[in-house]
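2 protein chains.
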Amino acid sequence: MKLPNNNMQKADGQAVPEPTLRRLPGYLSYFKSLKINNIEFVSSSQIAATFKMDATLVTKDLSYTGVKGRTKIGYSVDKLIENIVVFLDFNTQENAFLFGVGNLGKALINYDGLKQYGLKIVAGFDIDPAVIGLQVKEVKIFGVDDFRDLSRKTPARIGIITTPDHRAQETADLMVAWGIKAIWNFTPQSIKVPENIIVENTSIYSDLAVILNKLNR
Amino acid sequence: MKLPNNNMQKADGQAVPEPTLRRLPGYLSYFKSLKINNIEFVSSSQIAATFKMDATLVTKDLSYTGVKGRTKIGYSVDKLIENIVVFLDFNTQENAFLFGVGNLGKALINYDGLKQYGLKIVAGFDIDPAVIGLQVKEVKIFGVDDFRDLSRKTPARIGIITTPDHRAQETADLMVAWGIKAIWNFTPQSIKVPENIIVENTSIYSDLAVILNKLNR
DNA sequence: ATTAAATTGTTATTTTTTTAACAACTTAAT
DNA sequence: ATTAAGTTGTTAAAAAAATAACAATTTAAT
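Protein sequence lines correspond, in order, to chains X and G.
Each residue of the first sequence is one higher than the last, beginning at 1 in our numbering.
Each residue of the second sequence is one higher than the last, beginning at 1 in our numbering.
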């Protein structure tokens, strides 16, 4: 329909279905592993079998990225990877501040994968004096007051909340005051922010709920 | 329609929409914070405003749990909490084995929240001799060989994969051989398992994709 | 060269999920 | 007591997403 068929170009105004958006990174990971195994082409039916889904849905998802397959051959793994990476903006590095350097926070900083997927945590923040001044991998941990200087050197549009639950709202408020545009909230707490601020909640409890439900059905 | 109106009883055969299932833990967290603030009643419109969603959808979601609201008063916070907890099986403790005691694995073990939501990690596993024998919080870390004994003492139906990506499949295979019924996969790798095994993938990359998309639109 | 099989990509249909509409009810104010 | 406002809960409609159907194409085999 209104899909852009100018190859390798992003559908900027076009809203991509969120389910599609959520599936694409999974495909990407799969394609990367195919590449490691020197597999050059893959068909939608193979992909569908791997993810236990309908092949049509796969082609639809992939078509959003502008990639073109070849009849009887399938899709080029290289092109798939390239198109998805570009489409999801995983190629342009986005800086992020992380607030709350506890277990989860440290795990995220140590998580190499994120960098590969377009996100670079450039600084950690905490209110615990015992943590401030430390360094986790290449990421230094700062106190709240150090923000001004830091933000001038390495500005960030994304703020990650990995604080204890009850500190989520105040942290969000702080981030908004700092000019953060998108908040990635890893606490189960729902946070209140101005209309124009993007919030994405990552709740492992939702996944847990799904597992328990399937298990006990 | 075919909703069970026998109060406080779970709709066992009835399939609950997964979106509903995913939203319930968020509500629950919110209700718990209301309770801490000594708020006894809450209306669907208040809940809807908090989560920026339609009030009708809230009532629908809540109705699945069998909770009943009072006109002009709203829902009892206590009853909401109780019904959601029961409905999601967060009250009956489910044991889990965790494989891959790296940063993320440790973070999950240290995460107190999980226990409160029905999941208890009873043992960690790793192939790194430097890690085997250690103890993270109350959770001991074992080698693969220790499984038999352990599984007799504290059986578990859920297996958590927090290994490096390229070890996901072999870990899954092992878990299936162990008799694990549901696998919670924290790697982006898609894993192949027998038909009857439940798999839930937690991919923070999906959330990241959504954030970047909104940010760059 | 011809044909058969496999595969993409599009359009149509069905299913699922969300939103809207509205009736019934209950509390609090007059 | 009466009324008005706010709220639940259900039914209907709309929107979104997934699946099915199928045409077009292209490769590989005969």
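From the three backbone atoms N, C-alpha and C, an ideal C-beta is built for every residue, glycine too.
Are Val101 (chain G) and Ile161 (chain G) closer than 8 Å when you measure CB to CB? Position 101 of the second sequence, counted from the start, is the residue given in the question as residue 101 (chain G). Position 161 of the second sequence, counted from the start, is the residue given in the question as residue 161 (chain G). No, Cβ-Cβ distance for Val101 (chain G) and Ile161 (chain G) is not below 8 Å.
Supposed contact pair Gly118 (chain X) and Leu212 (chain G) - C-beta distance, whole angstroms, cut 8 Å: Working through the second sequence from its first residue, we reach residue 212 (chain G) at position 212. Working through the first sequence from its first residue, we reach residue 118 (chain X) at position 118. Rounded, the Cβ-Cβ distance is 6 Å, consistent with contact.
Who are the neighbours of Pro25 (chain G) on chain X, taking C-beta pairs under 7 Å? Position 25 of the second sequence, counted from the first residue, corresponds to residue 25 (chain G). Within chain X, the residues near Pro25 (chain G) are Pro188, Ser203, Tyr205, Ser206 and Ala209.
Under 8 Å between beta-carbons, which chain X residues line up against Gly69 (chain G)? List them in chain order, please. Working through the second sequence from its first residue, we reach residue 69 (chain G) at position 69. The contacting residues do not exist; Gly69 (chain G) stays about 20 Å from chain X at best.
Just checking my contact of Ala168 (chain G) with Thr187 (chain G) at CB under 8 Å: how many whole Å lie between their CB atoms? Against the second sequence, residue 168 (chain G) aligns to sequence position 168. Against the second sequence, residue 187 (chain G) aligns to sequence position 187. About 4 Å separates the CB atoms of Ala168 (chain G) and Thr187 (chain G); that is less than 8 Å, so the two are in contact.
First and last residue of the alpha helix (DSSP H) that includes Leu34 (chain G)? Residue mapping note: residue 34 (chain G) aligns to position 34 of the second sequence, counting from 1. Segment Glu18 to Ile36, the alpha helix (DSSP H) holding Leu34 (chain G).
Mind listing the chain G neighbours of Phe51 (chain X)? Cutoff is C-beta to C-beta under 9 Å, in chain order. Here residue 51 (chain X) refers to the residue found at position 51 when the first sequence is read from its first residue. What Phe51 (chain X) touches in chain G: Ser190.
Tell whether a beta-carbon distance below 8 Å holds between Phe31 (chain G) and Ile73 (chain G). Translated into the one-based positions of the second sequence, residue 31 (chain G) becomes position 31. Translated into the one-based positions of the second sequence, residue 73 (chain G) becomes position 73. No, these two residues do not count as a Cβ contact at 8 Å.
Hey, does Ser63 (chain G) have any beta-carbon neighbour from chain X nearer than 8 Å? Residue 63 (chain G) sits at position 63 when you count from the first residue of the second sequence. Judged by the 8 Å Cβ criterion, Ser63 (chain G) is not in contact with chain X.
Which same chain residues end up closer than 7 Å to Phe147 (chain X) when comparing Cβ atoms and leaving out the 5 residues on each side of it in sequence? What you label residue 147 (chain X) is simply residue 147 of the first sequence in a count that begins at 1. If we look at Phe147 (chain X) and ignore the five residues flanking it on each side, its Cβ neighbours are Trp178.
Using a Cβ cut-off of 8 Å (strictly closer), state whether Glu254 (chain G) contacts chain X. For residue 254 (chain G) there is no data in the structure shown, the boundaries of chain G being 1 and 217.
What residue does the beta strand (DSSP E) around Ile197 (chain X) start on, and which one ends it? On the first sequence, residue 197 (chain X) is found 197 positions in, with the first residue counted as 1. Run containing Ile197 (chain X): none; DSSP gives neither H nor E here.
Give the single residue among G:Asp173, G:Pro164 and G:Asp54 whose Cα lies nearest to the Cα of Phe23 (chain G). By 1-based counting over the second sequence, the position of residue 23 (chain G) is 23. Position check: residue 23 (chain G) holds Arg in this sequence, whereas Phe was assumed. Distances from the CA of Arg23 (chain G) to each of G:Asp173, G:Pro164 and G:Asp54 were compared; the closest alpha carbon is that of G:Asp54.
Suppose the cutoff is 8 Å on Cβ atoms and the five residues either side in sequence are ignored; what does the same chain contact list for Met1 (chain G) look like? In the second sequence, residue 1 (chain G) corresponds to position 1, counting from 1. The pLDDT assigned to Met1 (chain G) is 28, lower than 50, so where the model puts this residue is not dependable, and the model offers no usable value.
So, is the C-beta of Trp178 (chain G) closer than 8 Å to a C-beta in chain X? Taking the second sequence and counting its residues from 1, one reaches residue 178 (chain G) at position 178. It does not; no Cβ of chain X falls within 8 Å.
In whole angstroms, what is the alpha-carbon distance linking Tyr58 (chain X) and Leu208 (chain G)? Numbered from 1 along the first sequence, position 58 holds the residue referred to as residue 58 (chain X). Numbered from 1 along the second sequence, position 208 holds the residue referred to as residue 208 (chain G). Tyr is not the amino acid found at residue 58 (chain X); the sequence shown has Val there. When rounded, the distance between both Cα atoms is 20 Å.
What residues match up with Ala182 (chain X) in a beta bridge as DSSP calls it? Locating residue 182 (chain X) in the first sequence gives position 182, counting from the first residue. Answer is X:Ile158 and X:Ile198, bridged to Ala182 (chain X).
Segment limits, beta strand (DSSP E) that includes Val122 (chain G): Stepping through the second sequence from its first residue, residue 122 (chain G) is reached at position 122. That run of the beta strand (DSSP E) goes Leu119 to Phe125.
Below-8 Å beta-carbon distance, Leu98 (chain X) vs any chain G residue: Here residue 98 (chain X) corresponds to residue number 98 of the first sequence, with the count starting at 1. Residue contact with chain G for Leu98 (chain X): absent (no Cβ-Cβ distance below 8 Å to any residue of chain G).
Quick one: does Arg22 (chain X) have its CB under 8 Å from some CB of chain G? For this step, residue 22 (chain X) is matched to residue 22 along the first sequence. So yes, Arg22 (chain X) belongs to the interface.
Please determine, among G:Val144, G:Ile109, G:Tyr111 and G:Glu138, the residue with the shortest C-alpha to C-alpha distance to Asp126 (chain G). Here residue 126 (chain G) refers to the residue found at position 126 when the second sequence is read from its first residue. Checked all of G:Val144, G:Ile109, G:Tyr111 and G:Glu138; the closest Cα to Asp126 (chain G) is G:Val144.
Which residues DSSP lists as bridging Ser203 (chain X), in chain order: Here residue 203 (chain X) is taken as the residue at index 203 of the first sequence, counted from 1. Answer is none; Ser203 (chain X) lacks a bridge partner.
Contact check, Thr154 (chain X) vs Ala182 (chain X) under 8 Å by CB: the rounded distance? On the first sequence, position 154 is the one that residue 154 (chain X) refers to. On the first sequence, position 182 is the one that residue 182 (chain X) refers to. Actually they are not in contact, since the Cβ atoms of Thr154 (chain X) and Ala182 (chain X) sit about 16 Å apart, beyond 8 Å.
Please go through the same chain and pick out, in chain order, the residues whose beta-carbon is closer than 7 Å to the beta-carbon of Ser206 (chain X), but skip the five residues on each side of it. Position 206 of the first sequence, counted from the first residue, corresponds to residue 206 (chain X). No residues qualify anywhere along the chain.
If you measure between the beta carbons of Asp61 (chain G) and Thr20 (chain G), is that distance less than 8 Å? By one-based count along the second sequence, residue 61 (chain G) stands at place 61. By one-based count along the second sequence, residue 20 (chain G) stands at place 20. Yes, the Cβ-Cβ distance between Asp61 (chain G) and Thr20 (chain G) is below 8 Å.
8 Å is my cut-off, CB to CB: does Arg220 (chain G) come that close to chain X? For residue 220 (chain G) there is no data in the structure shown, the boundaries of chain G being 1 and 217.
Out of curiosity, what's the CA-to-CA distance linking Leu3 (chain G) and Pro25 (chain G)? Here residue 3 (chain G) refers to the residue found at position 3 of the second sequence. Here residue 25 (chain G) refers to the residue found at position 25 of the second sequence. Caution is warranted here: a pLDDT of 29 is assigned to Leu3 (chain G), below 50, making its placement in the model unreliable, and no coordinate value can be reported.
Please determine if the region 183 to 202 of chain G and the region 63 to 73 of chain X are in contact, where contact requires at least 3 C-beta pairs separated by less than 8 Å. no
Three Cβ pairs or more, each shorter than 8 Å: is that satisfied between the region 106 to 120 of chain G and the region 80 to 98 of chain G? yes
Counting only C-beta atoms, is Ala107 (chain G) closer than 8 Å to chain X at any point? Residue mapping note: residue 107 (chain G) aligns to position 107 of the second sequence, counting from 1. Taking Cβ atoms only, chain X reaches closer than 8 Å to Ala107 (chain G), which makes this a yes.
Look up Lys218 (chain X) in the DSSP assignment and give the residues it is bridged to. Absent from the structure is residue 218 (chain X), since the part of chain X shown begins at 1 and ends at 217.
Taking Phe51 (chain X) as part of the alpha helix (DSSP H), name the residues at either end of that continuous run. Within the first sequence, residue 51 (chain X) is the residue found at index 51, counting from 1. Start and end: Ser44 to Phe51.
Here's a check: name, in chain order, each residue in its chain whose Cβ is nearer than 8 Å to the Cβ of Lys35 (chain X), leaving out the five neighbours to either side. Counting from 1 along the first sequence, the entry for residue 35 (chain X) is found at position 35. Only Val77, Asp78 and Ile81 meet the Cβ criterion.
Delimiting residues of the alpha helix (DSSP H) encompassing Leu104 (chain G): Within the second sequence, residue 104 (chain G) is the residue found at index 104, counting from 1. Residues Asn103 to Asn110.
Is Asp89 (chain G) buried or exposed, if buried means 16 or more other CB atoms sit within 10 Å of its CB? Stepping through the second sequence from its first residue, residue 89 (chain G) is reached at position 89. Label assigned to Asp89 (chain G): buried.
Counting only beta-carbon separations shorter than 8 Å, does Leu150 (chain G) have a partner in chain X? Position 150 of the second sequence, counted from the start, is the residue given in the question as residue 150 (chain G). It does not; no Cβ of chain X falls within 8 Å.
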